[in-house]
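Per our numbering, residue 284 is the first one in the sequence shown, and the count goes up by one each step. Here is the structure we will look at, set down as C-alpha cells.
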Amino acid sequence: IGRHFIAGLLRHAPEITAVTNQFVNSYKRLVPGYEAPVYISWARINRSALIRVPRAYDLASTRIELRCPDPSCNPYLAFAVMLAAGLDGIRRQLTVPDATDENLYLIESTRRPPLETLPGSLEDALETLAADQVVRDALGAHVFERFSSAKRLEWEDYRLEVTDWELNKYLALY
284 IGRHFIAGLL RHAPEITAVT NQFVNSYKRL VPGYEAPVYI SWARINRSAL
334 IRVPRAYDLA STRIELRCPD PSCNPYLAFA VMLAAGLDGI RRQLTVPDAT
384 DENLYLIEST RRPPLETLPG SLEDALETLA ADQVVRDALG AHVFERFSSA
434 KRLEWEDYRL EVTDWELNKY LALY
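In C-alpha cells, the structure reads:
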C-alpha cells in the first residue's frame with residue numbers, strides 16, 4: 284500500500300507543486316543543485332530525492348517524507364492534495380519506479396534514463412495543476428478557481444515588476 288501511495292505522489296508531483304509551493308519566490312529554491320529536491324524520484328535514505336523513506340526500525344515507525352513543500356504553503360491545502368495524490372496511487376495500484384540512490388544534487392544532464400523535474404515557475408505549476416482532475420477534485424471547484432485566479436494574478440504582478448537586480452544588471456549595459 285505504501286509503495287502505491289508513493290507512486291501516486293510521484294505521478295501527481297508536478298500537479299501538486301502549485302499548492303505545495305504557492306509563491307513566486309518558492310521556485311527560487313526549486314533549482315537543480317540546491318537543497319530542495321526537483322527531480323521526481325524516491326529513495327530509501329537519499330536526502331536528495333523528492334520522496335524519502337527514512338530508515339525504520341520496525342513497521343510501525345516507517346514513514347515517507349515529501350521534501351519539496353515550501354514552509355509558507357497552506358498546510359490544509361497541501362495535505363489535501365498530497366493525500367489525494369497518494370490515495371489515487373493506491374486506488375489505481377500504480378507501480379513505484381526503482382529507487383534513485385545516487386546523489387541527485389550532483390546529477391548530470393546526460394543521466395539515462397533522465398528524471399523528470401518539478402515545474403520551474405509558478406506559471407508552469409499552475410498550468411500542470413489545471414490539467415489534473417484528481418488534484419482539482421481534492422481542492423474542490425470553489426477553492427481551485429479562487430486559488431488559481433489569485434495565483435495567476437500574483438504571477439502577472441511578478442512578471443511585470445522591474446526589479447533592482449534587472450536595473451543594476453542591464454541599465455548600464457544598454
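Virtual Cβ for every residue (Gly too), placed ideally from N, Cα, C.
State the start and end residues of the unbroken alpha helix (DSSP H) segment that holds L370.
Along the sequence shown, one-based indexing puts residue 370 at 87. Counting along the chain, the alpha helix (DSSP H) containing L370 begins and ends at 358–374.
Please classify L401 as buried or exposed, where buried requires at least 16 other C-beta atoms within 10 Å of its C-beta.
Mapped onto the sequence shown, residue 401 falls at position 118. Per the 10 Å Cβ criterion, buried.
Please say whether V418 and V379 have beta carbons closer to each other than 8 Å?
Along the sequence shown, read from residue 1 onward, the residue named residue 379 stands at position 96. Along the sequence shown, read from residue 1 onward, the residue named residue 418 stands at position 135. Against a cut-off of 8 Å, the Cβ pair of V418 and V379 comes out as no contact.
Among the candidates L366, A414, R330, whose CA atom is the shortest distance from the CA of T303?
Walking along the sequence shown from the start, residue 303 turns up at place 20. Cα-wise, what sits closest to T303 is L366.
Give me the Cα-Cα distance between Y317 and Y457, rounded to the nearest whole angstrom.
Taking the first residue of the sequence shown as position 1, residue 317 is located at position 34. Taking the first residue of the sequence shown as position 1, residue 457 is located at position 174. Rounded to whole angstroms, Y317 to Y457 spans 32 Å at the Cα level.
Just to confirm the assignment, what range does the alpha helix (DSSP H) spanning S432 have?
Here residue 432 corresponds to residue number 149 of the sequence shown, with the count starting at 1. Where S432 is concerned, the enclosing alpha helix (DSSP H) stretches over 424–443.
Enumerate in chain order the residues of its own chain whose CB-to-CB distance from E439 is below 6 Å, with the five nearest sequence positions on each side excluded.
The sequence position of residue 439 within the sequence shown is 156, counting from 1. Cβ within range, chain order: n/a, list empty.
In chain order, what residues of the same chain have a beta carbon less than 7 Å from the beta carbon of A296, not counting five sequence neighbours either side?
As a first step, residue 296 is located in the sequence shown; it is residue number 13 there, counting from the start. Excluding sequence neighbours, A296 sits near I323, L333, L401.
In terms of residues, what are the limits of the alpha helix (DSSP H) holding A319?
Residue mapping note: residue 319 aligns to position 36 of the sequence shown, counting from 1. First-last for A319: undefined, no H or E at that position.
When you compare only the Cα positions, how much space is there between R286 and R335?
On the sequence shown, residue 286 is found 3 positions in, with the first residue counted as 1. On the sequence shown, residue 335 is found 52 positions in, with the first residue counted as 1. Distance between the alpha carbons of R286 and R335 is about 12 Å.
Going by DSSP in three states, L387 sits in which element: helix, strand or coil?
Taking the first residue of the sequence shown as position 1, residue 387 is located at position 104. DSSP places L387 in helix when its eight states are reduced to three.
Taking the straight line between their C-alpha atoms, what separation do you get for A319 and R330?
Residue 319 sits at position 36 when you count from the first residue of the sequence shown. Residue 330 sits at position 47 when you count from the first residue of the sequence shown. Going by the C-alpha atoms only, they are around 9 Å apart.
So what does I334 bridge to, in DSSP terms?
Counted from its first residue, the sequence shown places residue 334 at position 51. DSSP lists W325, L349 as partners of I334.
Can you find a C-beta in chain B that's less than 8 Å from the C-beta of C356?
Absent from the structure is chain B; it holds one protein chain and no more.
Are the beta-carbon atoms of G372 and I289 separated by less than 8 Å?
Numbered from 1 along the sequence shown, position 89 holds the residue referred to as residue 372. Numbered from 1 along the sequence shown, position 6 holds the residue referred to as residue 289. For G372 and I289, yes; Cβs fall inside 8 Å.
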